[in-house]
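Residue numbers (the working numbering), protein chains in the order written: chain A, 1 to 117; chain B, 118 to 225. Structure first, commentary second.
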Amino acid sequence: DAGVIQSPRHEVTEMGQEVTLRCKPISGHNSLFWYRQTMMRGLELLIYFNNNVPIDDSGMPEDRFSAKMPNASFSTLKIQPSEPRDSAVYFCASRAGIYRGNQETQYFGPGTRLLVL
Amino acid sequence: DQQVKQNSPSLSVQEGRISILNCDYTNSMFDYFLWYKKYPAEGPTFLISISSIKDKNEDGRFTVFLNKSAKHLSLHIVPSQPGDSAVYFCVNWGKLQFGAGTQVVVTP
C-alpha cells in the first residue's frame, strides 16, 4: 500500500489566493483527518470524516477554511482567501475505524508545506 | 486549552543511554494515549500506546508508563540510538489532542 498520499507537497502562494490541498487515504480506511502544524500551536486537529461525512469541524479556524470528502478515496482542504498566518504544514491521516475513541492507529501522510506570502 | 502537555521541548542524550520523555494530561475521559514519532519532512508515525487497564506497555526498546492518579505518562527509550533522533508527540486519543512535542537528539 502506498500509504496516505497528499498533494502538493509544497505550495507557495500569495495572500488572497485560493489554496486547495488534496488527500488520498489508505484504501479501506473509513475515517479521514486533517491536521495543521504550526510553531505556535503545534499539531492540531482541524476536521475529521467518518464514511465521507464530516463529524467534527470544531477545529477549523475560520470560514475561509472548508473541507470536503466527495468519496472514500479523496478529500480536499480549501483555504479561500489565504492569509500569511495560514502558513503551516497540513497533514492528512486516515484510520480503519470510525469511532473517535477507536483504539486504532492513524496513518499520516507526508504533509503539505504551505507558505502564504 | 492545552490538555496534553509536554513541558520539555527538547532532550539531548548520549547514544546507549536512556531517554525519558514526559507528558501530563488533564480532564481525560479516555485514559488511552499514544506516542507518535516524527522525522523532519515526514508525517508522524505511531510508536507505542497505553490504555487505562495497564500501567506499563513495552515494545522492544520503548516502554510507556501511565500513572492515572497523577495524570502523567512517560516514554522510556533504552538504549537510545542515533535513529531515535526525532520529535515525539504524546497524544490523548479520546480528544485527538497532540502535545507540543519533544525534540530528542541522540549524540554519538
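Backbone N, C-alpha and C fix where the C-beta goes; we use that ideal spot for every residue, glycine too.
In this structure, the straight-line span from the alpha carbon of Val130 (chain B) to that of Lys154 (chain B) is close to 16 Å.
Using a Cβ-Cβ distance cut-off of 8 Å, the segment 68–87 of chain A and the segment 8–26 of chain A are in contact, since at least three pairs of beta carbons, one from each stretch, lie closer than that value. By the criterion of a C-beta distance shorter than 6 Å, Lys173 (chain B) is surrounded in its chain by Phe182, once the five residues flanking it on both sides are discounted. For Leu32 (chain A), the closest C-alpha among the options A:Ala88, A:Arg22, A:Glu62 is that of A:Arg22. Following the DSSP letters along the chain, one finds Glu11 (chain A) inside the beta strand (DSSP E) bounded by residues 10–13. By the beta-carbon neighbour count (other beta carbons within 10 angstroms, threshold 16), Arg95 (chain A) is buried. Taking CB atoms only, Thr162 (chain B) has a neighbour in chain A less than 8 Å away. Of all alpha-carbon atoms in A:Phe108, A:His10, A:Ala2, the one lying nearest the alpha-carbon of Leu115 (chain A) is that of A:His10.
For the 8 Å CB-CB criterion, Val121 (chain B) and Gln214 (chain B) form a contact.
For the C-beta of Glu159 (chain B), the chain A residues within less than 7 Å are, from N- to C-terminus, Pro110. Sixteen is the threshold: since fewer than 16 other Cβ atoms of the shown chains lie within 10 Å of the Cβ of Ser27 (chain A), the residue is exposed.
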